[in-house]
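Residues in the sequence shown are numbered from 2 upward in steps of one, following the working numbering.
For every residue, glycine included, the Cβ atom is placed at its ideal position computed from N, Cα and C.
Structure record follows, encoded as structure tokens.
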Amino acid sequence: MTLTVTDVKRIADLAYIEIDHGEAEAVLTQLTGIFNLIETMQSIDTSSVDPMSHAQSVTQRLRDDEVTETNQRESCQAIAPQVEAGLYLVPKVIE
């Protein structure tokens, strides 16, 4: 992708950023470098690389899935203004 100083100034204008010609040229140089890096990365054949969820081969230690709290639903719902079939009833907010 090729950008010009005019493109950079237009993008800055759309973002409500004031930029002079010298700053626009500096930003153009940086953006060109970024776009060149992206093109280089896209040109690499990654079809033989397996997808990874993490850059390092790590596993997360997990604890056993067991109940540690007692069921307190009845005591919590006993103080609610309105309950029906185990659900809290609330006033209608949206008409």
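Worksheet item: Using DSSP with H/G/I as helix, E/B as strand and the rest coil, what is E85?
Response: strand
Worksheet entry | 8 Å Cβ shell around T5 - same chain, five flanking residues per side excluded | L29
Discussion item. Under 8 Å: do the segment 56-74 and the segment 29-42 share three or more Cβ pairs, one atom per stretch?
Written reply: no
Practice prompt. Keeping to the same chain, check which residues put their C-beta closer than 6 Å to that of A25; ignore five residues upstream and five downstream.
Written response: V6, V9, K10
Worksheet entry | CB of I20 within 7 Å of CB of A13, strictly | yes
Practice prompt. Would you give the residue range spanned by the alpha helix (DSSP H) that M2 belongs to?
Written response: M2 -> no alpha helix (DSSP H), and no H or E assigned at all.
Item to complete: Below 6 Å CB to CB, which residues in the same chain sit around F36 once its five sequence neighbours on both sides are set aside?
Response: M2
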